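Visitor: Take a look at this one; I'll ask things after.
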Amino acid sequence: MTLLVTVFAAIICTVLWYKKAPQDEMNIRVLCYLYWGASIMWFVDAIYEYADLGAQFFAPAPIDLLNDLFLGLSVVALGLIVWLIVLLVKDPRGVIKGMFQKK
Amino acid sequence: MACFLVSAAEAAIVTVATQIVIAHENKLLPQFKRESEADEHKAKKVPFSRKLRLLSNLLWGGSFLLAFEHVWHGEVTPWFPFLTAAGSPADTAAMLHEMSTVGVGMAVLVTVVWGAMMLVISTMEKKTLQPVLVTE
Numbered sequence: 000m001t002l003l004v005t006v007f008a009a010i011i012c013t014v015l016w017y018k019k020a021p022q023d024e025m026n027i028r029v030l031c032y033l034y035w036g037a038s039i040m041w042f043v044d045a046i047y048e049y050a051d052l053g054a055q056f057f058a059p060a061p062i063d064l065l066n067d068l069f070l071g072l073s074v075v076a077l078g079l080i081v082w083l084i085v086l087l088v089k090d091p092r093g094v095i096k097g098m099f100q101k102k
Numbered sequence: 000m001a002c003f004l005v006s007a008a009e010a011a012i013v014t015v016a017t018q019i020v021i022a023h024e025n026k027l028l029p030q031f032k033r034e035s036e037a038d039e040h041k042a043k044k045v046p047f048s049r050k051l052r053l054l055s056n057l058l059w060g061g062s063f064l065l066a067f068e069h070v071w072h073g074e075v076t077p078w079f080p081f082l083t084a085a086g087s088p089a090d091t092a093a094m095l096h097e098m099s100t101v102g103v104g105m106a107v108l109v110t111v112v113w114g115a116m117m118l119v120i121s122t123m124e125k126k127t128l129q130p131v132l133v134t135e
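Listed below in C-alpha cells is the structure:
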C-alpha cells in the first residue's frame, strides 16, 4: 500500500512537472526525485517480500493495509514538507526576499 | 532493517563524483562556450554533471523517505547505536544480509532506471544535435 500511494504521488508530480516543463519555477522536480526514488526502492522491497510470501503478499490483513496506508500518506506529507522547505529557501519568485527588503 | 544505507552510501559517492565532474567541466568551459556560441538556437547537449546529479537526487530522495519508514517501524532510533538491529550479533547478521540483498537491489535498480533514462536522452541528443566542429 505504501508503494502504491508513493507511485501515485510520483505519477501526479511527474504530470504536474511535465505540464510546465522545461520551466520548473515551483521546483516540482524535487517531489519527482523523492517519490520516484522511494517508489523504485520499495518496489525492490516488494519483490523480495513477494518471493518470501508468495500469493499471500497480495492479501494483506486489513490492519496491515491500514498501517501501510497511514505510512504511505505520511511519506507523501513528508515529501511535501521537504519540497516546501526547498521552495521557500530557493524562493524562485523572490517573495520572501522582497518581504525582508521592504522591512 | 537498514537497506536504505546502501542507497545513501551510493548517493554520497555519486554526489562527490558530480562535484569532480563539475570541476572538470568548468576547466573546459571556454570550449563549451565556443560550442554553444556556434549556433545558439540549436539544442545543447546535457552536461554529464547534470545527468549525474539526477542519479544522486533520486538516490538521496529515495533514501530519505526510506529512512523515515525505518523510523516509523522503530528500526532506526535517535540514540546510539541508532539501528536497533545493531543491538545483538544475530540481529546485526540479519541486517547485513538484508543490506546485501534488498539494499544492493534497491541501489542497482535505481541506477539501472537512471541508466535507461540516460540511454533515451543520449539517443534523443544524437538525433537532434549535429556535430559542431571545434577548432584549436
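So the protein lines, in turn, are chains A and B. Residue numbers for the first sequence follow numbering that gives the first Met the number 0, so the first one is 0 and each next one is one higher. Residue numbers for the second sequence follow numbering that gives the first Met the number 0, so the first one is 0 and each next one is one higher. Just so it is clear, CB atoms sit at the ideal spot from N, CA and C, and this is done for glycine as well. These figures come from a predicted structure and were not determined experimentally.
1. Is residue 113 of chain B close to chain A? Criterion is C-beta to C-beta, closer than 7 Å.
2. If the cut-off is 8 Å on Cβ atoms, which residues from the stretch 53-74 of chain A count as contacting chain B, listed in chain order?
3. Give the interface partners of residue 44 of chain A over in chain B, defined as CB-CB distance under 8 Å, in chain order.
4. With a cut-off of 8 Å on the beta carbons, I'd call residue 45 of chain A and residue 2 of chain A a contact; round off their distance for me.
5. Given residue 61 of chain B, which residues of its chain have a CB within under 8 Å of its CB, disregarding the five upstream and five downstream residues?
6. For residue 108 of chain B, decide whether its Cβ has a neighbour in chain D, counting only Cβ atoms nearer than 7 Å.
7. Tell me residue 82 of chain B's beta-bridge partners as DSSP assigns them.
8. Are the CB atoms of residue 20 of chain B and residue 48 of chain B nearer to each other than 7 Å?
9. Please classify residue 26 of chain A: does DSSP put it in a helix, a strand, or coil?
10. What residues from chain A crowd round residue 60 of chain B, counting only those whose CB sits closer than 7 Å?
11. Counting C-beta neighbours from all protein chains within 10 Å, is the total for residue 111 of chain B 16 or more, i.e. buried, or is it exposed?
Guide: Quick look at the numbers:
1. Your numbering for residue 113 of chain B matches position 114 in the second sequence. No, residue 113 of chain B does not count as interfacial toward chain A.
2. If the cut-off is 8 Å between Cβ atoms, the stretch 53-74 of chain A has 70, 73 and 74 near chain B.
3. As a first step, residue 44 of chain A must be located in the first sequence, where it is residue number 45. Those within 8 Å of residue 44 of chain A in chain B are 2, 101 and 105.
4. For the purposes of this step, residue 45 of chain A is taken as the residue at position 46 of the first sequence. For the purposes of this step, residue 2 of chain A is taken as the residue at position 3 of the first sequence. Contact holds; Cβ gap of about 6 Å.
5. Counted from its first residue, the second sequence places residue 61 of chain B at position 62. Only 3, 6, 105 and 109 meet the Cβ criterion.
6. No chain D is part of this structure, whose protein chains are labelled A and B.
7. Here residue 82 of chain B corresponds to residue number 83 of the second sequence, with the count starting at 1. Looking at the DSSP output, residue 82 of chain B bridges to B/75.
8. If you number the second sequence from 1, residue 20 of chain B lands on position 21. If you number the second sequence from 1, residue 48 of chain B lands on position 49. Contact flag set, yes.
9. For the purposes of this step, residue 26 of chain A is identified with residue 27 of the first sequence, where counting begins at 1. Coil, per DSSP.
10. Working through the second sequence from its first residue, we reach residue 60 of chain B at position 61. What residue 60 of chain B touches in chain A: 32, 33, 36 and 37.
11. The count along the second sequence starts at 1 and reaches residue 111 of chain B at position 112. Residue 111 of chain B should be labelled exposed.
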